[in-house]
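Protein chains: 2
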Amino acid sequence: MKYCPNCGSKVTCRVPDGDSRMRCVCDDCGQVHYENPKIVVGCVPEHEGRILLCKRAIEPRRGYWTVPAGFMELGESLAEGAARETREEACAEVQMGHLFASVDVIEAGQVHFFFKARLIGGFGAGEETLEAALFRKEDIPWREIAFLSGTFALQKFVEDAGEDNGVHMHRVPHGE
Amino acid sequence: MKYCPNCGSKVTCRVPDGDSRMRCVCDDCGQVHYENPKIVVGCVPEHEGRILLCKRAIEPRRGYWTVPAGFMELGESLAEGAARETREEACAEVQMGHLFASVDVIEAGQVHFFFKARLIGGFGAGEETLEAALFRKEDIPWREIAFLSGTFALQKFVEDAGEDNGVHMHRVPHGE
């Protein structure tokens, strides 16, 4: 951030009074601009023992497979965000189950949350998807999964084997 | 947002190409500015069957009790954020347990996450706290809890009675 979104003046980067962290501060209008981690929400949609994955049509990781997931938007709940992303990427409706994985991706300033879900009806390729397909657990293309958080979610989904073992937590190491 | 944080020009609010939502867009430098929900992280620190609460010294809800919680910062994990908030608000170190509650506060554009935790050593009142104190479960001041998400977390914490029942999910209704 270089300019104040509120008044358009140049911002300076300093630790505000009563704070302990560097922030972008506007000395003209006095506003402190906080930057916080973003939420990515997704789900693992299952149908008769098979899992729905999407081959990405966009960068990063074009051509790699992912579970339906994306940035949570204002105005929706975590579960609604995961359902919307599934609709957008896989043209699919799901019955959302419980939250089962949380992954800190500190370097990217993100936390990724994954729900278990049950596929309802058909599916297809959304605008950001080259192809959507159902995989048996033994056929998951582990070496072609787009993101480490998705790999973690899929591993835990397979390990859970339908049981509810609470939320599996993970942290993506720096540089990966 | 009125001005572009990147170049200082006035932004316009419209649906960008390939998007389906209104965004603040800069027609000069082309940047699209996304606004996303923020994460609040906290914990319920327990010590010999009693729960550590903080009486807020700041608005909103000055004088009301809360579990230690606050906005997650860049550069930390969910659990690290909850530990930092506990250090800041209650001058306390905790051993972080598992994530047990998630609350969508859609109107505020926030998601609140709560961990179970075990208090290690002493505690006190941080700068934003008037007083920190341990409460037996039967003495929790339910009518003086600052926020509905904290009330939900405390209720589920008490109901769980030490068991791990996964993540309890809740949505704060509009207008509350």
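So the protein sequences, as listed, match chains F and G.
The numbering of the first sequence is our numbering, which starts it at 1 and goes up by one.
The numbering of the second sequence is our numbering, which starts it at 177 and goes up by one.
Glycine included, C-beta positions come from ideal geometry on N, C-alpha and C.
Source: prediction; values computed, not measured.
Taking 8 Å as the threshold (C-beta atoms), are F/H33 and F/P5 in contact? yes
Look at the alpha carbon of F/E93 and the alpha carbon of F/C43, and state the distance between them as a whole number of angstroms. 11 Å
Along chain G, which residues have their Cβ under 7 Å away from the Cβ of F/L78? S278, D280, V287
Where does G/R197 sit, in a helix, a strand or coil, going by DSSP? coil
Taking its Cβ as the centre, do 16 or more other Cβ atoms sit within 10 Å of G/H346, making it buried, or is it exposed? buried
Give the DSSP-derived three-state secondary structure of G/D280 in the structure shown. strand
Anything in chain G within Cβ reach of F/M1, meaning under 8 Å, just list it in chain order. P181, N182
Which ranges does the beta strand (DSSP E) cover as unbroken runs of at least 3 residues, wholly within the segment 199–253 of chain G, from first to last along the chain? 199–201, 214–223, 226–232, 245–247
Select from the segment 13–41 of chain F all residues with a C-beta closer than 9 Å to any C-beta belonging to chain G, and list them in chain order. G18, S20, R21, C24, H33, Y34, E35, N36, P37, K38, I39
DSSP three-state label for F/F115, please. strand
What does F/L99 reach in chain G if we use C-beta pairs closer than 9 Å? L275, S278, G342, V343, M345
Quick one: is G/T253 buried, meaning 16 or more other Cβ sit within 10 Å of its Cβ, or exposed? According to the sequence provided, residue 253 of chain G is Ser. The question's Thr does not apply to it. Buried.
DSSP state of G/V270 mapped onto helix, strand, coil: strand
Would you say the segment 257–274 of chain G touches the segment 286–299 of chain G, given that touching needs at least three Cβ pairs under 8 Å? yes
Taking G/L229 as the reference, give the member of G/E265, G/P236, G/R260 with the closest Cα. G/E265
Between the segment 49–83 of chain F and chain G, which residues of the former have CB atoms less than 9 Å from a CB of the latter, in chain order? F71, M72, E73, L74, G75, E76, S77, L78, A79, E80, G81
Can you name, in chain order, every residue of its own chain whose Cβ lies under 7 Å from the Cβ of G/T188, other than the five neighbours on each side? V201, D203
Cutoff 8 Å; reference F/G175; Cβ partners in own chain excluding five residues on either side: E107
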